[in-house]
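So the structure is just underneath, and the comments pick up after that.
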Amino acid sequence: MATQITAGSSELRDITKMERIGAHSHVRGLGLDDRLEPRENSQGLVGQGKARKAAGMILKMVQEGRIAGRAILFAGPPSTGKTAIALGMAQNLGQDVPFTMIAASEVFSLSMSKTEALTQAIRRSIGVRIREETEIIEGEVVEIQIDRSLTGATKTGKLTIKSTDMETIYDLGTKMIDALSKEKVLAGDVIIIDKTSGKVSKLGRSFARSRDYDAMGADTKFVQCPEGEIQKRKEVVHTVSLHEIDVINSRTQGFLALFAGDTGEIKPELREQINTKVAEWREEGKAEIIPGVLFIDEVHMLDIECFSFLNRALENELSPLVIMASNRGMSRIRGTNVRSPHGLPVDLLDRVLIVSTRPYSEDEIQQIIQIRCEEEDVTLTPDALNVLTSMAGSTTLRYALNLISCAQMVSRRRKAEKVDVEDLRRVYTYFMDEKRSVQWLKEQQGSLVFEEITTSRGDGENGGAVGDAMET
Ligand SMILES: Nc1ncnc2c1ncn2[C@@H]1O[C@H](COP(=O)(O)OP(=O)(O)OP(=O)(O)O)[C@@H](O)[C@H]1O
Ligand SMILES: [Mg+2]
Numbered sequence: 001m002a003t004q005i006t007a008g009s010s011e012l013r014d015i016t017k018m019e020r021i022g023a024h025s026h027v028r029g030l031g032l033d034d035r036l037e038p039r040e041n042s043q044g045l046v047g048q049g050k051a052r053k054a055a056g057m058i059l060k061m062v063q064e065g066r067i068a069g070r071a072i073l074f075a076g077p078p079s080t081g082k083t084a085i086a087l088g089m090a091q092n093l094g095q096d097v098p099f100t101m102i103a104a105s106e107v108f109s110l111s112m113s114k115t116e117a118l119t120q121a122i123r124r125s126i127g128v129r130i131r132e133e134t135e136i137i138e139g140e141v142v143e144i145q146i147d148r149s150l151t152g153a154t155k156t157g158k159l160t161i162k163s164t165d166m167e168t169i170y171d172l173g174t175k176m177i178d179a180l181s182k183e184k185v186l187a188g189d190v191i192i193i194d195k196t197s198g199k200v201s202k203l204g205r206s207f208a209r210s211r212d213y214d215a216m217g218a219d220t221k222f223v224q225c226p227e228g229e230i231q232k233r234k235e236v237v238h239t240v241s242l243h244e245i246d247v248i249n250s251r252t253q254g255f256l257a258l259f260a261g262d263t264g265e266i267k268p269e270l271r272e273q274i275n276t277k278v279a280e281w282r283e284e285g286k287a288e289i290i291p292g293v294l295f296i297d298e299v300h301m302l303d304i305e306c307f308s309f310l311n312r313a314l315e316n317e318l319s320p321l322v323i324m325a326s327n328r329g330m331s332r333i334r335g336t337n338v339r340s341p342h343g344l345p346v347d348l349l350d351r352v353l354i355v356s357t358r359p360y361s362e363d364e365i366q367q368i369i370q371i372r373c374e375e376e377d378v379t380l381t382p383d384a385l386n387v388l389t390s391m392a393g394s395t396t397l398r399y400a401l402n403l404i405s406c407a408q409m410v411s412r413r414r415k416a417e418k419v420d421v422e423d424l425r426r427v428y429t430y431f432m433d434e435k436r437s438v439q440w441l442k443e444q445q446g447s448l449v450f451e452e453i454t455t456s457r458g459d460g461e462n463g464g465a466v467g468d469a470m471e472t
């Protein structure tokens, strides 16, 4: 039985995406100028100029549709802005270019195989821009006349609508009347009615009525009365991802699965049918492929099977730009006994363009701290700012950023407006950074429970993960 493949409606988009507020909420873009030169401190990003410029160049190529099926690796020490820069890229991508972010460990789930999880992530990152022609009615409302039956159960009515050239009367059914009253359409409004869906949208009030002051608020928008025909054909464009098309057409789940976020595995035969259909649409000029970006954070957590799958997927015609980030140096490739740069197999590394990030200078750290304080609505005294900056130098940037909100809590307790050095000192004793924690562990030698690390590596997932963690 041939399945009818549909692309769903544009409203379905973005249901599964959620805005996350947190460590990177201050990042609003890459902060580059028109010539793609990085500004020193812009759109929430500071320093790391070379990496930001590289990211900007890649972005430009993505936007021009020139760079699908390639891979980029951000490599550098922890908290040097790899994730932040990738998120900055996402903000600058443009509205209908898909961006998907996963942490590599999300791939290991019980409900689906690793390759299925990767396939879904890849297909989420490929947009299909679909062009459809619909018939619309566009004009200025001259009169709406509604007759209710005695019981009020049925309504009939007439809508008179005009353009600069003509005037037409339409009969209205109950559904249409409800739609018009929901939009609070009055005589003098300029409206569009989509003939297939019956959706009514108000463009504004006609200029001809701009002197009827009674029926409008301060924010009333005035528009010209439309010209020409009242009934027109109009092209609408909407973008969905391949994954959304997969889910909508998978019989077992239906599009409700998009709301639940629980899509399960999708049959390969269905994906093939969809690919064929999309190819057909492309030939007919109805659809266009928009390769987006798949960002895999902590990519060293993938195992050798995932890597070889990725390798192959990158060669596929329908492939997004894959951006990866890793903070590992030489480390073991998960699932093997082989050590390799960044924990990635050499054959994958070979196809990857590597962008490195470097530790920040003291001045840059200070600026980042200031940006975060603004974001979290915290004021530091100048002394506190200096102390926190030097703390970041001796611990890590991330630790220092984490202390900001903790210190604010302490300062509030003593009813102070600003966070001062003493608040920082306090939280510094409450919360340890990694170095002090290791020191503490040494002092406690023997009194904590230690886990034995087995030497047979590369077989079990758990054994592998412990091995990984100890190697860095
Ligand atoms: N150049 C920058 N400008 C502004 N904020 C930054 C910059 N670099 C890092 N940050 C902020 O510092 C924190 C740590 O950076 P991020 O998480 O991007 O590091 P990372 O390189 O991904 O580290 P890891 O390897 O541990 O994942 C985040 O809150 C991030 O938003
Ligand atoms: Mg990161």
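Residue numbering for the sequence shown follows UniProt numbering, beginning at 1 and increasing consecutively.
Glycine residues also receive a C-beta, built at the ideal position from the N, C-alpha and C atoms.
In or out: residue 441 buried (at least 16 other Cβ within 10 Å) or exposed? Here residue 441 corresponds to residue number 441 of the sequence shown, with the count starting at 1. Counting every other CB atom within 10 Å of its CB across the protein chains shown gives residue 441 a total below 16, marking it as exposed.
Around the C-beta of residue 307, are 16 or more other C-beta atoms found within 10 angstroms, so that it is buried, or is it exposed? Here residue 307 is taken as the residue at index 307 of the sequence shown, counted from 1. With 16 or more other Cβ atoms within 10 Å, it is buried.
Assign residue 416 to one of three DSSP states: helix, strand, or coil. Here the question's residue 416 lines up with position 416 in the sequence shown. Correct three-state label for residue 416: coil.
Supposed close pair residue 205, residue 188 - CB separation, criterion 8 angstroms: Numbered from its first residue, the sequence shown carries residue 205 at position 205. Numbered from its first residue, the sequence shown carries residue 188 at position 188. Contact flag correct, Cβ pair sits at about 6 angstroms.
Comparing the CB of residue 357 with every heavy atom of ligand 1, is any distance shorter than 7 angstroms? For this step, residue 357 is matched to residue 357 along the sequence shown. Under cutoff, so the answer is yes.
What residue range does the alpha helix (DSSP H) around residue 89 cover? The residue given as residue 89 occupies position 89 in the sequence shown. Start and end: 82 to 92.
In angstroms, rounded to a whole number, what distance separates the CA positions of residue 334 and residue 404? On the sequence shown, position 334 is the one that residue 334 refers to. On the sequence shown, position 404 is the one that residue 404 refers to. If you draw a straight line from the Cα of residue 334 to the Cα of residue 404, it is about 36 angstroms long.
Here's a check: name, in chain order, each residue in its chain whose Cβ is nearer than 8 angstroms to the Cβ of residue 228, leaving out the five neighbours to either side. Taking the first residue of the sequence shown as 1, we reach residue 228 at position 228. Closer than 8 angstroms at the Cβ level, and outside the excluded window around residue 228, lie 163, 164, 165.
Please confirm whether any heavy atom of ligand 1 lies closer than 7 angstroms to the CB of residue 179. Counted from its first residue, the sequence shown places residue 179 at position 179. No, Cβ of residue 179 sits at least 7 angstroms from all heavy atoms of ligand 1.
Could you tell me the alpha carbon to alpha carbon distance between residue 107 and residue 294, rounded to whole angstroms? Residue 107 sits at position 107 when you count from the first residue of the sequence shown. Residue 294 sits at position 294 when you count from the first residue of the sequence shown. One C-alpha to the other measures close to 13 angstroms.
Is it true that the CB of residue 29 sits closer than 8 angstroms to the CB of residue 91? Here residue 91 refers to the residue found at position 91 of the sequence shown. Here residue 29 refers to the residue found at position 29 of the sequence shown. Contact: yes.
Given this structure, state the Cα-to-Cα distance separating residue 360 from residue 126, to the nearest angstrom. Within the sequence shown, residue 360 is the residue found at index 360, counting from 1. Within the sequence shown, residue 126 is the residue found at index 126, counting from 1. Spanning the two alpha carbons is a distance of roughly 34 angstroms.
Could you spell out the range, first to last residue, of the alpha helix (DSSP H) harbouring residue 272? Position 272 of the sequence shown holds residue 272. 268 to 283 is the extent of the alpha helix (DSSP H) around residue 272.
Taking 7 angstroms as the cut-off, is the beta-carbon of residue 24 closer than that to any non-hydrogen atom of ligand 1? What you label residue 24 is simply residue 24 of the sequence shown in a count that begins at 1. Yes.
If you drop the 5 nearest sequence neighbours on each side, which residues of the same chain put their C-beta closer than 6 angstroms to that of residue 508? As displayed, the chain neither begins before 1 nor continues past 472, which places residue 508 out of reach and without an answer.
Residue 436, enclosing alpha helix (DSSP H) - first and last residue: By 1-based counting over the sequence shown, the position of residue 436 is 436. Per DSSP, residue 436 belongs to the alpha helix (DSSP H) from 434 to 443.
When you compare each of 349, 84, 175 to residue 46 by their alpha carbons, which one comes out closest? Along the sequence shown, one-based indexing puts residue 46 at 46. Ranking 349, 84, 175 by Cα distance to residue 46 puts 84 first.
Say the cut is 7 angstroms; is the CB of residue 136 nearer than that to a heavy atom of ligand 3? Looking at this structure, you won't find ligand 3 anywhere; what it does contain is ligand 1 and ligand 2.
Tell me which residues share the same chain as residue 356 and place their Cβ nearer than 6 angstroms to its Cβ, disregarding the 5 neighbours each side in the sequence. Taking the sequence shown and counting its residues from 1, the one referred to as residue 356 is at position 356. These residues qualify, in order along the chain: 75, 76.
So the candidates are 399, 177, 142, 220; which of them puts its Cα closest to the Cα of residue 160? Position 160 of the sequence shown, counting from 1, holds the residue named residue 160. Of the candidates 399, 177, 142, 220, the one whose C-alpha sits nearest the C-alpha of residue 160 is 142.
Considering only their Cβ atoms, is the gap separating residue 314 from residue 351 smaller than 8 angstroms? Here residue 351 corresponds to residue number 351 of the sequence shown, with the count starting at 1. Here residue 314 corresponds to residue number 314 of the sequence shown, with the count starting at 1. Cβ distance < 8 angstroms, so residue 351 and residue 314 count as in contact.
For the region 109 to 160, list the alpha helix (DSSP H) runs that are entirely contained and at least 4 residues long, ordered along the chain. 114 to 124
Return yes when at least one heavy atom of ligand 2 lies under 7 angstroms from the C-beta of residue 83, else no. For this step, residue 83 is matched to residue 83 along the sequence shown. Answer for residue 83: yes, Cβ within range of ligand 2.
Can you name the start and end residues of the beta strand (DSSP E) that residue 295 belongs to? Along the sequence shown, read from residue 1 onward, the residue named residue 295 stands at position 295. Looking at the DSSP string, the run of the beta strand (DSSP E) that includes residue 295 is 293 to 297.
Roughly how many angstroms lie between the CA atoms of residue 191 and residue 56, to the nearest whole one? As a first step, residue 191 is located in the sequence shown; it is residue number 191 there, counting from the start. As a first step, residue 56 is located in the sequence shown; it is residue number 56 there, counting from the start. Answer to the nearest angstrom: the Cα atoms are 41 angstroms apart.
With DSSP collapsed to three states, give me the class of residue 21. Position 21 of the sequence shown holds residue 21. Interpretation of residue 21 is limited by its pLDDT of 44, a score under 50 that renders its predicted location unreliable; no figure is taken from the coordinates.
Delimiting residues of the beta strand (DSSP E) encompassing residue 378: Here residue 378 refers to the residue found at position 378 when the sequence shown is read from its first residue. First-last for residue 378: undefined, no H or E at that position.
Are there any heavy atoms of ligand 1 lying less than 7 angstroms away from the beta-carbon of residue 187, as far as the coordinates show? Locating residue 187 in the sequence shown gives position 187, where the first residue counts as 1. No, the beta carbon of residue 187 sits no closer than 7 angstroms to any heavy atom of ligand 1.
Secondary structure of residue 238, DSSP reduced to three states: Against the sequence shown, residue 238 aligns to sequence position 238. DSSP places residue 238 in strand when its eight states are reduced to three.
Which residue from 397, 271, 231, 236 puts its Cα closest to that of residue 248? In the sequence shown, the residue the question calls residue 248 occupies position 248. Measuring from the Cα of residue 248, the nearest candidate turns out to be 271.
Keeping to the same chain, check which residues put their C-beta closer than 7 angstroms to that of residue 103; ignore five residues upstream and five downstream. If you number the sequence shown from 1, residue 103 lands on position 103. Answer for residue 103: 297, 298, listed in chain order.
Alpha-carbon to alpha-carbon, residue 65 and residue 416: Locating residue 416 in the sequence shown gives position 416, where the first residue counts as 1. Locating residue 65 in the sequence shown gives position 65, where the first residue counts as 1. Rounded to whole angstroms, residue 416 and residue 65 show a C-alpha spacing of 53 angstroms.
Would you grab the beta carbon distance between residue 135 and residue 231 for me? Rounded to a whole angstrom, and I think it's under 8 angstroms. Against the sequence shown, residue 135 aligns to sequence position 135. Against the sequence shown, residue 231 aligns to sequence position 231. With a Cβ gap of about 6 angstroms, residue 135 and residue 231 count as contacting.
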